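Number of protein chains: 2
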Amino acid sequence: MAARTPRPLSGFPELLPEERVVEEHVVDVLREVFELHGFAGVETRAVEPLSVLLRKGEIDKEVYAVRRLAEVAEEGATDAEGSEDVLALHYDLTVPFARYVLENAGRLSFPFRRYQIQKVWRGERPQEGRFREFRQADVDVVDAGSLAPHHEAELPQVMADVFARLPLPPVVMQVNNRRLVEGFYRGLGLADPAAVMREVDKLDKVSPARVRASLVDGVGLGERDADACLRLATLTGEPGSTAFVEGVRAIGVRHELLEQGLDELAAVVASTGSVGSGERFRVVADLSVTRGLDYYTGTVYEARMTGFEHLGSVCSGGRYDALADDGRTTYPGVGLSLGVTRTLLPLLQRGLLRASRPTPTAVLVAVTDEEHRAASSAAASALRARGVATEVAPSAAKFGKQIRFADRRSIPFVWFLQEDGSSEVKDIRSGEQVAADPASWLPPAEDARPAVTWTGEPPA
Amino acid sequence: MAARTPRPLSGFPELLPEERVVEEHVVDVLREVFELHGFAGVETRAVEPLSVLLRKGEIDKEVYAVRRLAEVAEEGATDAEGSEDVLALHYDLTVPFARYVLENAGRLSFPFRRYQIQKVWRGERPQEGRFREFRQADVDVVDAGSLAPHHEAELPQVMADVFARLPLPPVVMQVNNRRLVEGFYRGLGLADPAAVMREVDKLDKVSPARVRASLVDGVGLGERDADACLRLATLTGEPGSTAFVEGVRAIGVRHELLEQGLDELAAVVASTGSVGSGERFRVVADLSVTRGLDYYTGTVYEARMTGFEHLGSVCSGGRYDALADDGRTTYPGVGLSLGVTRTLLPLLQRGLLRASRPTPTAVLVAVTDEEHRAASSAAASALRARGVATEVAPSAAKFGKQIRFADRRSIPFVWFLQEDGSSEVKDIRSGEQVAADPASWLPPAEDARPAVTWTGEPPA
């Protein structure tokens, strides 16, 4: 047998059990908060027809095509791209959700609130914070015909509630409005607003001077227009502050679409001023944000973790008015997507997030000898019946060895059956051992489940 | 825009929100029980190198190959099968887990107990209970070097605890032992035991007479050997009963491996006699069970739901001694895999399992007019802070319309803010409306979350 140790696949991260405890905790909190806000859980299949995926985005080369091996062998794959029924792994959860809404519109109640926590796949070059397989957690509100604007202020509140329950760095969510930006560019009379947006979108990585140079030399803008675009893109605000409106007006560009965008953004910023109550989650206007994917039409969001800005946005989204349309009805929506893997992996790799143990087990029931394993199993069943995660020692080794077995896994308690049928439980951290009844004993609440904690210095 | 209503993909089932509530409940129970038994959650990437998958099973034609679209376009796929680094979607969770154990052996504590609940993909022809994308829930215990046999009796207990908490039909788990069967065939001196096993494996679909004919005419067995094989395969037992041992001995075949298998199976059956406590989950010896996949070496399990036997096994597994081997150490294991999709979809499609509502929302806070939406949001926040799933009405329509909005989703309570700042809550089922304080009111426990119930007649 060709035995060997397999190596990890670059871009397809897997977690050790203690890291997975952290991820499970985060996913539990996400789900709990989403459900508290009345979002229904939806899951879509992992694959979509290639035609559905390519219609929406510009990232065709990053898509993973999926074919039965038998098919590949029979037909070759040269016609893979042309064929209507070629399947591909979804690269986000918004496009599949839009398809799901169209497919099931008659059986859903609108406005429809859904959350969706799933893996997605992109064939990008792996680097820190960028993976080929990763988990996203999305919330969206979709309505039939028209969507009330207050949902655009509601979603940041949902994410603020998520982050308030997680031991993560503080988050700043930047909000902008695509209509505002497009209206501004139209007001300037620019020929190719999309090209300008692409350059301005680099402001989080490239200096304003270089972006200005690209606008003039690359896109062909006049100096004054380039300056106006940069003045717009460098406007930011404080939570709740709509001072940016005056900032935009001061540039002197006028356009109907710009006015509409300004009103919309001002409304979102004004009603999210108190979101997050404090420094842990702040929502601010930032007029540089445009989002790469082309389906956003109004409000756009990006959020970064303080001290980890180099990871890029960990939570983004926006309003899309035309993503789902079946020819009779349009289903506009607004959504936010949290990059679970992007948020957690860098923190786990730096040892900043830790689980108190790599197993759910709170109690190990010792086995005196193999003939009495059934008695240990009965005690374990009694503990489980009251919600105590319990396993039975795998072998009737010396008690010292059984205690070390628990210690290696940070299992806090070891349970001993006495010859007279009574029991004792030892806290192996303190060494304290006391009489206990499996029908009534409970561990302290903080030991019942693995705890997840931030172990680093809080970033500035 | 080419707008149209998309159609479902055959074999890739998706659930409506109310059906997904049922599935989420089942997955929650699986996870809860697995964790109570001290299994750690592990998740593996969706893809494996094709070489890893093909080495283990015989199902190469059912595997989905995965390639970046860019790669397909550049290279064609004619060399897809030959290339070392071609990726494919995993078709079960056992092979990826064995690879995970080898890859991380130095960072795991053995015996290692893990559960894994994920989607898997097989390019099979879709039919009832058989899908191309479906969810499995696996529990395995893997040790380094040797694995104690008591784990083979432990796993049925874990699954019995799962089924005890779910509103599903009664389950019969059949247990057999591969060594027993192989030893029996060797004792008979059969030339091709695998060919015999394949025919015998059809006994759940084909009559004994036809299996006998295939053994004689197809495999070339003598009449007496065919009869002996059939006598073995039709031996079954009652929970806890090892009477099958005498039944096997009466056939008169002797072989060392047969004796070992008999001892092992008798031990598992004897110590699972009281599992499931009653008619809801029974573990019995059934000597026809062999399992198709070739990595099982000892105990094998299959479980069927009473009244839904035509779905085939909904929970199966076994002991594998040689699946994971890095050249220095072998990691034997034993596992059980529950087919979540296979179990639930047929019951959902028949309307036998229902959720009480398609949304987590327990309370809808009415909005008097859009100017006072913030007051409704504040009441909703106060309710959520104490764990009550709450959403705010999407529009300040007439109250009758807001109540109908809740009713359409079976949201049980609507919350009204009074002009004097007080609140009232209406149970829209009874019509009763009472004064309530968002800082202290709680819904009855049975309304807090959607309930999942069996709505059909219990099958005989």
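Top to bottom, those sequences are chains A and E.
If you're matching positions, the first sequence starts at 1357 in the numbering used here and goes up one per residue.
If you're matching positions, the second sequence starts at 1357 in the numbering used here and goes up one per residue.
Even for Gly, the Cβ is constructed at its ideal location relative to N, Cα and C.
If you're wondering where the values come from, they're calculated on a predicted model, not measured in any experiment.
What's the gap between the Cα of residue i and the Cα of residue j?
i: G1543/E; j: V1645/E; result: 19 Å
i: T1724/A; j: A1734/A; result: 14 Å
i: E1555/A; j: M1661/A; result: 23 Å
i: L1372/E; j: V1398/A; result: 8 Å
i: L1700/A; j: F1600/E; result: 53 Å
i: D1517/E; j: T1628/E; result: 13 Å
i: L1524/A; j: L1708/A; result: 9 Å
i: A1461/E; j: T1686/E; result: 11 Å
i: T1361/E; j: T1811/A; result: 50 Å
i: F1368/E; j: S1693/A; result: 24 Å
i: L1800/E; j: T1715/A; result: Strictly speaking, residue 1800/E in this sequence is Pro, with Leu absent from that position. Rounded to whole angstroms, P1800/E to T1715/A spans 34 Å at the Cα level.
i: G1576/A; j: E1480/E; result: 55 Å
i: D1499/E; j: R1463/E; result: 13 Å
i: R1469/A; j: V1656/A; result: 18 Å
i: R1721/E; j: P1467/E; result: The sequence shown places Val at residue 1721/E, not Arg. Approximately 51 Å between the Cα atoms of the pair.
i: V1383/A; j: D1494/A; result: 11 Å
Which residues in chain A have a C-beta closer than 7 Å to the C-beta of residue i? List them in chain order.
i: F1368/E; result: R1401 and V1403
i: V1419/E; result: L1425
In chain A, what lies closer than 8 Å to residue i by C-beta?
i: E1489/E; result: R1401, A1402 and V1403
Chain E partners of residue i, CB-CB under 7 Å?
i: G1397/A; result: R1376 and E1380
i: R1506/A; result: Note on identity: in this sequence residue 1506/A is His, with Arg being the wrong assignment. Those are R1729, listed as they occur along chain E.
Indicate whether at least one CB of chain E lies closer than 9 Å to the CB of residue i.
i: R1486/A; result: no
i: Y1456/A; result: yes
i: V1408/A; result: yes
i: E1437/A; result: The predicted position of E1437/A is uncertain, since its pLDDT is 43 and thus under 50; a value taken from the coordinates is nonetheless stated next. Output row for E1437/A: interface = yes.
i: S1465/A; result: yes
i: E1726/A; result: yes
i: H1393/A; result: yes
i: A1444/A; result: yes
i: V1624/A; result: no
i: V1696/A; result: no
i: R1839/A; result: Residue 1839/A lies beyond the stretch modelled for chain A, which goes from 1357 to 1816, so this question has no answer here.
i: R1779/A; result: The question names Arg, but residue 1779/A is Ser in the sequence shown. No, S1779/A lies away from the interface with chain E (no Cβ there is under 9 Å from its Cβ).
i: R1675/A; result: no
i: F1600/A; result: no
Using beta carbons (cut-off 9 Å, strictly below), is residue i in contact with chain A?
i: R1363/E; result: yes
i: E1427/E; result: yes
i: A1461/E; result: yes
i: Q1513/E; result: yes
i: R1469/E; result: yes
i: P1768/E; result: no
i: R1638/E; result: no
i: F1519/E; result: no
i: D1682/E; result: yes
i: D1548/E; result: no
i: D1499/E; result: yes
i: R1360/E; result: yes
Could you spell out the range, first to last residue, of the alpha helix (DSSP H) harbouring residue i?
i: G1543/E; result: R1534 to L1544
i: T1450/A; result: T1450 to N1460
i: V1604/A; result: F1600 to I1607
i: F1761/E; result: F1755 to R1764
i: G1617/E; result: E1612 to S1627
i: V1389/E; result: P1373 to L1392
i: R1521/E; result: That residue, R1521/E, is in no alpha helix (DSSP H); it is neither H nor E in DSSP.
I want to verify the contact list: residues of chain E whose CB lies under 8 Å from the CB of residue i, in sequence order.
i: K1475/A; result: A1402
Could you give the residue range of the beta strand (DSSP E) that holds residue i?
i: D1494/E; result: E1489 to V1498
i: P1405/E; result: V1403 to P1405
i: S1693/A; result: G1689 to G1695
i: D1783/E; result: S1779 to D1783
i: A1749/E; result: Premise fails: A1749/E is in no beta strand (DSSP E) and is neither H nor E.
i: S1672/A; result: C1671 to Y1676
Anything in chain A within Cβ reach of residue i, meaning under 9 Å, just list it in chain order.
i: L1371/E; result: V1398 and E1399
i: G1479/E; result: R1423, R1424, L1425, A1426 and E1427
Inset, instruction - Give, in chain order, every residue of the segment 1742-1759 of chain A whose Cβ lies closer than 9 Å to some Cβ of chain E. - result: Those residues of the segment 1742-1759 of chain A that come within reach of chain E (Cβ to Cβ, closer than 9 Å) are G1743, V1744, A1745, T1746, E1747, V1748, P1750 and S1751.
Legend entry - Residues of the segment 1795-1809 of chain E with Cβ closer than 9 Å to any Cβ of chain A, in chain order: The segment 1795-1809 of chain E vs chain A, Cβ under 9 Å: R1805.
Legend entry - Members of the segment 1705-1718 of chain E that neighbour chain A once the beta carbon cut-off is set at 7 Å: Residues P1714, T1715, P1716 and T1717.
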